Structures are given as structure tokens and as C-alpha cells.
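Just so you know, the UniProt record's numbering puts the end of the sequence shown at 116, numbered straight through with nothing missing. The structure appears right after this line, and notes come after that.
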Amino acid sequence: MHAPPPVEVDEAELLARLGGRRDLLAMLVGLFSADLPQIHEEFTAALAAGDAAGVRRIAHRVVGTLANLSGGPLLEYGRDIEELSVPENLPILGPRIDAFRAALDELEQRLRKAFA
1 MHAPPPVEVD EAELLARLGG RRDLLAMLVG LFSADLPQIH EEFTAALAAG
51 DAAGVRRIAH RVVGTLANLS GGPLLEYGRD IEELSVPENL PILGPRIDAF
101 RAALDELEQR LRKAFA
């Protein structure tokens, strides 16, 4: 599967997980937004270098972030990328990571609209 699942944001679940603290959620969204350009750069560099271990590390970090943000199906897509990140799979990872990055951008926009 090249395309990640649709981006979903369960606002009620996110707020419930944080005890209803919109201020804390706004902070988490801000951190995610600030980190996203670096994530994109690191994915690009790791793919260009043929660094499957680097791709795995970045995907793992993103998966952790998505878990904190109740990432749902997008979280599972990130886990799939993490598991597929071995040298022999690098040729198929590029399109998957491009789709994942686009979905992360969409998630960031939705979160900022709702909580920032």
C-alpha cells in the first residue's frame, strides 16, 4: 500500500488523554509542527544515502509522536514503514515515505486548526 489511510483527528480522545488540558495539547501540536520540517529533511537525507537504519530511526520517532497524538491508522502506516526499513526495501520505501510525509503535513494542518 503506497497511500496512507485518511488522516483522522479524534479531538475528544486527544483532549481526554490529556485531562481536557487544551493548553497542553496546543503545546504538543506546536512541538510536532516545529519538528516536522526536520523530519522531512531527515527522511530525504536517509533515503538519498541509502540509510535504511536511518529511515527506521526516523519512522520510529514519528510513530512515537503519533502515539502521543492518537494517530490512529496513520500510526499503523508509520509502523509499517518502520518494519519495512531494511536495505532491500529502500526502492519501495521512497513512494511510501512521500505519501506518509504528505499525510503528516495534513495531520499537522488539522491539529493546528483545531488546537493551536
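All C-beta atoms, glycine included, are put in the ideal place defined by N, C-alpha and C. What you are looking at is a predicted structure, and each value in this text was computed from that prediction instead of being measured.
Backbone CA spacing between Ala49 and Leu74 [nearest angstrom]: For the purposes of this step, residue 49 is taken as the residue at position 49 of the sequence shown. For the purposes of this step, residue 74 is taken as the residue at position 74 of the sequence shown. Distance between the alpha carbons of Ala49 and Leu74: 25 Å.
Ala12 - containing alpha helix (DSSP H), residue span: Against the sequence shown, residue 12 aligns to sequence position 12. Annotation: the continuous alpha helix (DSSP H) that includes Ala12 extends over 11 to 17.
For Ala59 and Glu82, believed in contact at Cβ under 8 Å, the rounded distance: Translated into the one-based positions of the sequence shown, residue 82 becomes position 82. Translated into the one-based positions of the sequence shown, residue 59 becomes position 59. The Cβ separation is near 4 Å, so the contact holds.
Where Val63 falls: helix, strand or coil (DSSP): Counting from 1 along the sequence shown, the entry for residue 63 is found at position 63. DSSP places Val63 in helix when its eight states are reduced to three.
Counted within 10 angstroms of its Cβ, other Cβ atoms place Gly64 as buried (16 or more) or exposed: As a position in the sequence shown, residue 64 is number 64, starting the count at 1. By the 10 Å Cβ count, Gly64 comes out exposed.
Heavy atom of the ligand NAP within 7 Å of Pro73 beta-carbon: Summarising the ligand content, the structure contains no ligands, and the ligand NAP is consequently not present.
Outcome for Ile92 when other beta-carbon atoms lying within 10 angstroms are tallied against a minimum of 16: Mapped onto the sequence shown, residue 92 falls at position 92. The residue is exposed, with fewer than 16 neighbouring Cβ atoms inside 10 Å.
Gly20, buried or exposed, once every other Cβ within 10 Å from all chains shown has been counted against 16: For the purposes of this step, residue 20 is taken as the residue at position 20 of the sequence shown. It counts as exposed.
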